[in-house]
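Numbering (numbering that gives the first Met the number 0), first residue to last: 0 to 515. Note that beta-carbon positions come from the ideal geometry of N, C-alpha and C, so glycine has one too.
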Amino acid sequence: MSTVRTRFAPSPTGYMHIGGMRTALFNWLYAKRHGGQFILRIDDTDQERNQETALGPILRAFRWLGLLWDEGPEVGGSHKPYFQSQRSHLYRAAAEKLEQSGHAYRDFSTKEENDADRKLADKEKRPYINIRRSLELSDAKKRELETAGHPWVLRLLVPRESKIVLDDLIRERVEWDTSLLPDPVIMRANGSALYNFATVVDDAELEISHVIRAEEHLPNTPIQILLHEALGNTLPRFAHIPYVCAPGTKEKLSKRKVEQYRKNPAFKRLFERGDEVFPQLGLSAAVALDPVMVEYYERIGYLPAGVLNALARIGWSLDDRTEILSLQTLVENFSLERVVKAPAGFDPDKLFSFQGHWMKELPLDEKVDGCVPYLVDAKLISEPVSAETREFVKSIVVALGDRLKLFADILDARPFFTDDITFDEKNFDKRVRKDGVPAHLAAFRNRLETLEPFTVPAMEAALQAYCEETGEQTGTLVHALRLSTTGQAVGPGVYDCLALLGKEKSLARIDAALKR
RNA sequence: GGCCCCAUCGUCUAACCAGGUUAGGACACAGGGUUUUCAUCCCUGCAAUGCGGGUUCAAAUCCCGCUGGGGUCACCA
């Protein structure tokens with residue numbers, strides 16, 4: 000039994016696509032499930048980009064989610080280098096082999112000629128395939144053209160009138176008629192390889208056993224199969240998984256459409272939360288995060304476990320009931336047989352629900368660790384963070400309880416860090432500026448002043464007593480106290496809020512609220 | 001338009017391959033309970049096999065057609 004080797008081959012675009020991350024996850028899981036290797040290869044054949052800015056976010060996303068690669072950038076491996084831009088000698092050698100064996104030919108036709116051919120075929124409503132004029136050229140003529148510096152490209156000579164059969168691990172049998180396949184360019188005039196060619200050469204050389212990729216690559220497959228066969232390679236197994244759709248649609252989730260996603264009801268909440276949070280973190284314009292990027296989820300405080308769980312459930316299920324899946328469980332159970340064939344929408348609501356589950360599971364100290372950087376970035380606390388400050392943050396996290404869904408939610412605790420609070424005016428009018436309320440608030444404020452100790456149970460008892468004596472509903476004071484001390488209508492238990500603020504600050508804020 | 005893929009609640013899916021279930025679960029939504037608000041938690045409800053033919057005692061499940069949706073058609077990856 001040979002080793003399972005899977006790969007994910009991103010091109011350095013400067014961000015990691017959430018849908019691409021799902022494909023990468025399936026590759027990673029399949030490799031790990033079978034004790035194999037997961038390889039990261041960088042498809043940078045035609046781009047001259049800054050490694051740091053273009054590749055950085057991609058590696059960052061993998062590391063954040065804990066999907067470490069066995070071979071690839073920064074970790075190396077026995078088949079290095081893992082950048083296609085550094086592997087051109089392999090493509091050139093393979094090209095030469097194909098030319099020698101007659102599987103590829105030099106095409107001297109111009110772009111204009113090809114375009115015209117294509118147009119004509121279109122007009123006559125017949126499928127376009129190459130006319131292969133260069134094949135008619137005599138050797139002498141070819142030499143002449145070359146000496147004259149006439150540019151040419153190398154094309155694969157597609158065998159006409161034959162059938163390509165793919166036994167895909169997910170789609171089962173898919174067939175193509177080669178008579179309908181134009182001869183693909185595999186090398187440019189300057190000797191650089193094209194995607195389909197470089198991919199085939201690398202997949203073979205890296206000994207990739209399973210090519211797991213999104214179904215939009217299905218049309219590339221017959222060409223790649225032909226190339227593998229012409230090169231005499233052992234064919235990898237192919238598994239075309241469904242692509243990820245934009246929420247509520249059947250269209251492929253695309254980075255180019257982010258602006259229109261802003262209006263998508265399912266995506267709206269994500270955008271809005273980002274608009275609230277990122278400026279506070281000083282991440283506004285320059286970073287330009289959006290929910291198509293993995294980094295968005297990291298920066299807004301999602302947990303890897305939440306994102307991973309959601310990604311795994313797009314197009315895959317363990318059984319008829321299990322929804323909560325840890326990476327560990329996934330590694331133990333992942334199988335391509337249970338990948339569905341239909342494209343699946345990315346559901347932000349479901350992600351949020353998984354996130355809620357995993358955040359609840361997170362040990363308190365890790366929650367605090369996750370929150371602290373947000374408070375630092377928002378300049379609500381400063382570095383180095385003292386033990387005392389950390390304890391204070393911890394007590395807030397405890398008070399927040401399950402209300403803390405994302406780490407960025409800790410920013411809602413702003414009133415505990417600064418006196419510069421924003422009042423929810425509508426609720427302030429309703430709960431504080433209301434007949435009889437200020438009088439009760441003032442009266443109870445005086446009781447708080449002498450209350451010792453200033454603790455949750457003591458406050459609760461005091462409020463109960465006050466309400467029994469006056470016949471006032473506890474809700475009246477509870478709401479009035481929260482609004483006047485935090486400005487917010489929702490949040491931790493009101494006694495927790497007061498305890499967190501301390502007696503002095505609580506009294507001062509009540510006084511200030513009574514004067515508003 | 002050519003080629004290719006796909007089709008179960010609003011969404012993600014189970015049951016399909018080896019035909020027989022009141023078509024199950026989760027999210028969302030609605031209602032109720034717990035709670036000082038919110039969140040959590042618990043209960044209840046809503047809600048699907050695209051259409052038409054076959055095959056069969058029996059079809060979500062097997063076959064064909066239709067319709068619909070989508071992907072892809074570069075000297076991009």
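Give a yes or no on whether the C-beta atoms belonging to residue i and residue j are separated by under 8 Å.
i: V257; j: D289; result: yes
i: F25; j: I211; result: yes
i: L217; j: H227; result: no
i: A53; j: T22; result: no
i: F7; j: I41; result: no
i: P246; j: P347; result: yes
i: R4; j: I38; result: yes
i: L205; j: H78; result: yes
i: F443; j: L476; result: yes
i: H209; j: A238; result: yes
i: I409; j: Y373; result: yes
i: I163; j: I224; result: yes
i: G512; j: S483; result: Per the sequence shown, the amino acid found at residue 512 is Ala instead of Gly. For A512 and S483, yes; Cβs fall inside 8 Å.
i: L153; j: E98; result: yes
i: E322; j: R312; result: yes
i: L66; j: H102; result: no
i: L407; j: V276; result: The amino acid at residue 407 is misidentified as Leu; the sequence shows Ala. Yes.
i: S84; j: D43; result: yes
i: E448; j: L506; result: yes
i: G501; j: P414; result: no
i: S526; j: S191; result: The structure shown does not extend to residue 526, since the chain is modelled only from 0 to 515, so the question has no answer here.
i: K31; j: V330; result: yes
i: K404; j: F353; result: no
Could you work out which residue in the options is closest to residue i when comparing CA atoms only?
i: S325; options: A309, D319 and G314; result: A309
i: D176; options: G247, S161, P218 and A120; result: S161
i: A412; options: R298, T328, L462 and Q279; result: Q279
i: E336; options: L350, I41, D318 and D348; result: D318
i: I207; options: K366, S1, A192 and I380; result: S1
i: A479; options: E250, K433 and T469; result: K433
i: E271; options: K249, I299 and G501; result: I299
i: T473; options: L482, S483 and L462; result: L462
i: R481; options: E471, H16, Q50 and R430; result: R430
i: V293; options: G19, P9 and S10; result: G19
i: P150; options: R187, L500 and N445; result: R187
i: H439; options: Y465, T388, F422 and P383; result: Y465
i: E451; options: E503, G435 and R402; result: E503
i: I130; options: A147, D182 and L165; result: D182
i: G148; options: N219, N189 and V157; result: N189
i: V184; options: L165, L399, V157 and D166; result: V157
Under the three-state reduction of DSSP, which class applies to residue i: helix, strand or coil?
i: A213; result: strand
i: Y14; result: coil
i: T109; result: coil
i: A198; result: Sequence check: residue 198 is Thr here, not Ala. T198 falls in the helix class under three-state DSSP.
i: A341; result: coil
i: G75; result: strand
i: A238; result: strand
i: T328; result: helix
i: I224; result: helix
i: R298; result: helix
i: E70; result: strand
i: T5; result: strand
i: V286; result: helix
i: Q82; result: The amino acid at residue 82 is misidentified as Gln; the sequence shows Phe. Strand, per DSSP.
i: A188; result: coil
i: V291; result: coil
i: K251; result: strand
i: V431; result: coil
i: V384; result: coil
i: A229; result: helix
Just to confirm, does residue i get its C-beta within under 7 Å of one of the non-hydrogen atoms of the ligand GTP?
i: H16; result: Judged by which ligands are present, the structure shown has none, so any question about the ligand GTP falls away.
_For the pair the stretch 343–359 and the stretch 231–247, tell me if three or more CB-CB distances fall below 8 Å._
yes
*asked:* Quick test of the definition: if touching needs 3 or more C-beta pairs under 8 Å, does the stretch 455–471 touch the stretch 490–497?
replied: yes
*Can you find at least 3 beta carbon pairs, one from the stretch 354–364 and one from the stretch 296–313, that sit closer than 8 Å?*
yes
*Does the stretch 131–151 touch the stretch 101–114, meaning 3 or more C-beta pairs lie closer than 8 Å?*
yes
*Is the stretch 267–282 in contact with the stretch 188–206, if contact means three or more CB pairs nearer than 8 Å?*
no
*Assess, as a yes-or-no matter, whether the stretch 157–171 is touched by the stretch 90–100 under the definition of 3 or more beta carbon pairs within less than 8 Å.*
no
*Could you say if the stretch 111–120 and the stretch 56–67 meet the contact criterion of at least three C-beta pairs nearer than 8 Å?*
no
*At what residue ranges does the stretch 443–504 contain a whole run of the alpha helix (DSSP H), taking only runs of 4 or more?*
455–469, 473–485 and 493–500
_Report the start-end ranges of each alpha helix (DSSP H) in the stretch 35–67 that is 4 residues or longer and not cut off at the edges._
50–64
_Sequence ranges, alpha helix (DSSP H) only - wholly within the stretch 126–177, length at least 4_ = 138–146
_Count Cβ pairs between the stretch 361–371 and the stretch 383–395 that sit closer than 8 Å; are there 3 or more?_
yes
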